[in-house]
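Down below is the structure, laid out as structure tokens.
In our numbering, the protein residues as written are 250 to 1121.
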């Protein structure tokens, strides 16, 4: 009968006995803790209920928590092991909820030093959770004893708790170094692991001490494979921080670990080598050989780990993984579909062009059997393969299109859409095919964000295709059938066809007029606005308001409008006071194929760096009156070597008539305090230093900021200069232990590296989705042309140098050069200081040398002449 009941419960799916708990009822039940005699089993059950409620996120008031906590303290009278351990857990949970939890300190201290080993470890964890920095010295003696305790569980608990205490009381925990070092020689594998971790965290701020610690243990003395794995990670971090490269003895240690008897250590060493920067194929070979052995392991975990790591290697060094292809092909039929997926995606990156069709068919046989996460991995692999073999785009795009039709979640469908868009942008020959696949997808797309993104892409690329009219039906279907957000995006897309294709304009006007009575105000407003612009039939208006739009920072526009409303003025609002939307300096790096598997909930987006700088600078009186911040340099310039006593780096902030140099300074000497710190600057004629804004105090290892304000010459053609810099300050000697400075100080200075101002510091990058429309909009009134011979060795190098020198944004993917081409046209867009729109068309021809014919159009003739003449 009992068996039948259990069987029935199993068929019913069981259930959560704590699912519908009422908080107030459970807290009422806690009165049982006061009963005599104590019922351990019942009390354990009630404590479990309370813990469940807390961990479900239900808020318990301070008064209720305190009353429950004090009732719970009566349970220390019981010697039941299970009950006592539950009490320890509850103390940790209640530490931040109840008041006066420190009342149990004496009870916990007694258990911590008692003879019952089952109590001691848990008591240590609970005691350290409720102890603050003021009380820590009272239990310091007990903690030192516990760290070196002969019972491994007690020692590990003390070491882990010390690691948490290190965050709030580092000075106290640092005094326990001798005991921690003794624990690091313990024979127990976990004690040694925890001791090494604590020892590293105590010393990681002192790079020399950390290096000495690693050197000591790399020579031997670690029996724990866990500790060895941790040591490998620390060694890899030190190599990266010191930029030591592969000649470092630490790298030799990691390489030696490839021959360790523990598989865990071997994999950790291989993973560390694979993840190092600037690793060559020769240095990767030992790690790849070890991973290749793991591929044929009977353990699924090792096969998975090896395949995952080789998948990552294949992204940067596909040739190094080619030797493993036979072993990887054997894993295509692995019973673990995760391993099979990773194996096939790795083969896609390392295989030849002739093997693509066969591999794609093999993937198709089991795509329906794997989870969405691994489907995303396959999609990413196909995307990278299409970059490698562009002539195979039709096969791979058909494969991705078929995947779009399959069932799947949002992340999976987004990955496919991202891949198709990336292929379209990288390979012009794939545009027609890719747009057709995406048009078919939006007919049944249930995700608003994907539909709007695809409509935006069609609006940008469709009008410039050989047959733009064929996309109109797909777009207008969205106006009829979809929700308001998609209808609004479709209206914008239609307007772009009307602005770019004169032959389609009458039809587009008719379609847009049908949206004037739409139920959603956003759709109506867009249709009304676009109709008004299109009916003027002016290319300049079409370019400014439909094809390219505003290039200002949205956050900056909101802030500028807010300030304008706070101080009413008869002067109209000027868009030139709004910061320009900054464009990324480099193209986005490819994301690892394994990234989706490690995905967590999305992080909040940080505000743009320039907006942060604008707020900081506006708060300084000497800078507040300089006008709107035009541009901030993205990468700081290092003005000192990394190992010097003072570290200084510079960020340049460009204003309409000034440049503000922000110097981030760090004092690395613990026996000195610097005061009244400034950077004195000298340059050629024309640039005049107006203000030095000092950093009042630079304490040891605490960064400070000093500013130097420089006025630029009135002649706008004078845009470049070099500044010599000297760090000046007052030095006060101080006690390294307390940080207390002497009363008297002396003046001193430190020579820094020079800083250069270049043309790119006066130019803000602006993306023009439709360059030719902008070219016509600016017109040829201020056009300037020049021809130069360039010293670059290839078209790619020439383009990179031009973009870097001018500081402008490449448009319409014109910074990409097709293989084998001997000529190319580069389109660049930007805004010169003062709000002057600037466009550059550079025609490059490669013969024995590279010849460039540059044409510049700008809203200011002086800017056109400056840019055209400065390139040579």
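For every residue, glycine included, the Cβ atom is placed at its ideal position computed from N, Cα and C.
All values reported here derive from a predicted model rather than from experimental measurement.
Provide the residue span of the alpha helix (DSSP H) that contains residue i, from first to last.
i: residue 1012; result: Segment 1012-1014 is the beta strand (DSSP E) holding residue 1012; no alpha helix (DSSP H) there.
i: residue 478; result: 474-491
i: residue 315; result: 311-321
i: residue 811; result: 803-815
i: residue 496; result: Run containing residue 496: none; DSSP gives neither H nor E here.
i: residue 387; result: 382-396
i: residue 509; result: Careful: residue 509 lies outside any alpha helix (DSSP H) and carries neither H nor E.
i: residue 747; result: 733-749
i: residue 725; result: 721-730
Span of the beta strand (DSSP E) holding residue i?
i: residue 680; result: Looking at the DSSP string, residue 680 is not in any beta strand (DSSP E); the run it does join, the alpha helix (DSSP H), is 680-691.
i: residue 402; result: Element bounds for residue 402: not the beta strand (DSSP E) but the alpha helix (DSSP H), 401-417.
i: residue 998; result: 995-1000
i: residue 901; result: 895-903
i: residue 942; result: 937-942
i: residue 466; result: Counting along the chain, residue 466 falls outside any beta strand (DSSP E), though it belongs to the alpha helix (DSSP H) covering 456-467.
i: residue 1078; result: 1072-1081
Using the beta-carbon count (16 or more within 10 Å), is residue i buried or exposed?
i: residue 995; result: exposed
i: residue 834; result: Note on residue 834: pLDDT 49, under 50, position unreliable in the model; the coordinate value appears next. By the neighbour-count rule (16 or more Cβ atoms within 10 Å), residue 834 is not buried but exposed.
i: residue 737; result: buried
i: residue 572; result: exposed
i: residue 744; result: buried
i: residue 1112; result: buried
i: residue 838; result: Any reading at residue 838 must be qualified, since the residue scores a pLDDT of 42, below 50, and its modelled position is unreliable; the value itself is stated next. Exposed.
i: residue 267; result: exposed
i: residue 659; result: exposed
i: residue 424; result: exposed
i: residue 1115; result: buried
i: residue 1088; result: buried
i: residue 1101; result: buried
i: residue 945; result: exposed
i: residue 922; result: buried
i: residue 952; result: exposed
i: residue 855; result: Unreliable positioning characterises residue 855 in this predicted model, as indicated by a pLDDT of 43, which lies under 50. The coordinate reading is nonetheless provided below. That one is exposed.
Give the DSSP bridge partners of residue i, in chain order.
i: residue 1039; result: 1099
i: residue 923; result: 947 and 980
i: residue 369; result: Per DSSP, none; premise fails for residue 369.
i: residue 954; result: 913
i: residue 971; result: 1005
i: residue 1105; result: 1033 and 1089
i: residue 990; result: 983
i: residue 887; result: 898
i: residue 782; result: None; residue 782 has no bridge partner.
i: residue 205; result: Examination of residue 205 is not possible in this model, given that the chain is present from 250 through 1121 alone.
i: residue 535; result: Residue 535 pairs with nothing; no bridge assigned.
i: residue 930; result: 974
i: residue 1058; result: 1078
Are residue i and residue j touching if we call contact CB-CB under 9 Å?
i: residue 325; j: residue 281; result: no
i: residue 1038; j: residue 1104; result: no
i: residue 331; j: residue 289; result: yes
i: residue 442; j: residue 473; result: yes
i: residue 866; j: residue 902; result: yes
i: residue 1016; j: residue 1051; result: no
i: residue 433; j: residue 466; result: yes
i: residue 321; j: residue 279; result: yes
i: residue 725; j: residue 760; result: yes
i: residue 619; j: residue 587; result: yes
i: residue 1025; j: residue 792; result: yes
i: residue 193; j: residue 374; result: Since the first and last residues shown for the chain are 250 and 1121, residue 193 lies out of range.
Check whether the stretch 970-980 touches the stretch 476-488, counting contact only when three or more Cβ pairs, one atom from each stretch, lie closer than 8 Å. Touching, no, given that fewer than three Cβ pairs across the two stretches are closer than 8 Å.
| query | Per the contact definition of three or more C-beta pairs closer than 8 Å, is the stretch 1042-1051 in contact with the stretch 1105-1113? | reply | Contact fails: fewer than three Cβ-Cβ distances are below 8 Å.
- Message: For the pair the stretch 1052-1068 and the stretch 1004-1015, tell me if three or more CB-CB distances fall below 8 Å.
- Response: Three or more beta-carbon pairs drawn from the stretch 1052-1068 and the stretch 1004-1015 are found closer than 8 Å, and the two stretches are therefore classed as touching.
Looking at C-beta atoms only, is the number of pairs between the stretch 686-696 and the stretch 635-650 that lie closer than 8 Å three or more? Enough Cβ pairs lie closer than 8 Å, so yes.
Inspect the CB distances between the stretch 746-754 and the stretch 782-793 and report whether three or more fall short of 8 Å.
Contact holds: three or more Cβ-Cβ distances are below 8 Å.
| message | Across the stretch 562-582 and the stretch 541-552, are there enough close Cβ pairs to call them in contact, namely three or more that are closer than 8 Å? | response | Under the 8 Å Cβ criterion, the stretch 562-582 counts as touching the stretch 541-552, having at least three qualifying pairs.
query: For the 8 Å Cβ check, are there 3 or more pairs between the stretch 994-1009 and the stretch 1066-1075?
result: By the Cβ rule, the stretch 994-1009 does not count as touching the stretch 1066-1075, because fewer than three pairs are nearer than 8 Å.
*Are three or more beta carbon pairs between the stretch 749-764 and the stretch 982-995 nearer than 8 Å?*
Contact fails between the stretch 749-764 and the stretch 982-995, because fewer than three Cβ pairs, one in each stretch, are under 8 Å apart.
Q. Do three or more CB pairs link the stretch 626-645 to the stretch 661-674 at distances below 8 Å?
A. Touching, per the Cβ criterion.
Contact between the stretch 874-883 and the stretch 898-915 is defined here as three or more beta-carbon pairs at a separation below 8 Å; is this criterion met? In short, these stretches touch, since the Cβ pair count reaches three.
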